[in-house]
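Chains as they are written, first to last, in the working numbering: chain H, 1 to 111; chain B, 1001 to 1115.
Read through the structure below, which is laid out as structure tokens, and then see the notes.
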């Protein structure tokens, strides 16, 4: 049972435009959400997080939006840069730091 | 400030051998987690440990897998009698404390190949 889903395996965006990565979850008990970026043969790198009591968190070019009623969150990257090309994982916190990850979305930024 | 250190980065084992993966958390972090990533899949939680204690091992296979985080030294993930299906990337992560809101930082991973 996949509690965190990233339905788009891949996304291609022009450099300078906005990248929007989506994530859906089923467990209403999740109370903290995180986005990680991963390059091949490396570990995930923390990007940005959001608590369930908020609906938006912004950090530089990265903004995460949370819609609790829809059980949906999204990561916006603007403007997109070539170095943003990576696999992005959405994760949800299920108490005591046990993270549940989505399958990942491979983002490619085209010059 | 060194990050989460994992070794070996790559490990090849024959079926039936044992694999030991080591993880040193970030300085000041007392909570360690192990995750596994199978090819083309997301990361799956395996186990959460504090010093000398296993807090949550709900993601660990029932047999052949064990984990420890001794008072001194790194955390160890041990896989006995490896099979081909154990081939995966194993990621260790650490955090300064438990509780919601503490970001978990990952190591570079250990890639296990069973031949």
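Glycine included, every Cβ here is placed at the ideal spot set by N, Cα and C.
Listed as beta-bridge partners of residue 1005 of chain B by DSSP are B:1024. No Cβ-Cβ contact shorter than 8 Å links residue 82 of chain H with residue 17 of chain H. Exposed is the label assigned to residue 70 of chain H, since fewer than 16 other Cβ atoms lie within 10 Å of its Cβ.
The residue from H:107, H:110, H:90 with its alpha-carbon nearest to that of residue 101 of chain H is H:90.
Nearest CB-CB separation between residue 1057 of chain B and chain H: not below the 8 Å threshold. A buried status is given to residue 1046 of chain B, since no fewer than 16 other beta-carbon atoms sit within 10 Å of its beta-carbon. Rounded to the nearest angstrom, the gap between the Cα atoms of residue 1052 of chain B and residue 1013 of chain B is 28 Å. Distances from the alpha-carbon of residue 76 of chain H to those of H:4, H:13, H:15, H:21 put H:21 closest.
8 Å or more divides the Cβ of residue 13 of chain H from the Cβ of residue 35 of chain H.
The distance from the Cβ of residue 1041 of chain B to that of residue 1079 of chain B is about 18 Å, inconsistent with a contact at the 8 Å cut-off. The C-beta of residue 1090 of chain B comes no closer than 8 Å to any C-beta of chain H. At a cut-off of 8 Å between beta-carbon atoms, residue 1079 of chain B makes no contact with chain H. Note that the region 1075-1089 of chain B touches the region 1101-1112 of chain B; at least 3 beta-carbon pairs, one per stretch, sit closer than 8 Å.
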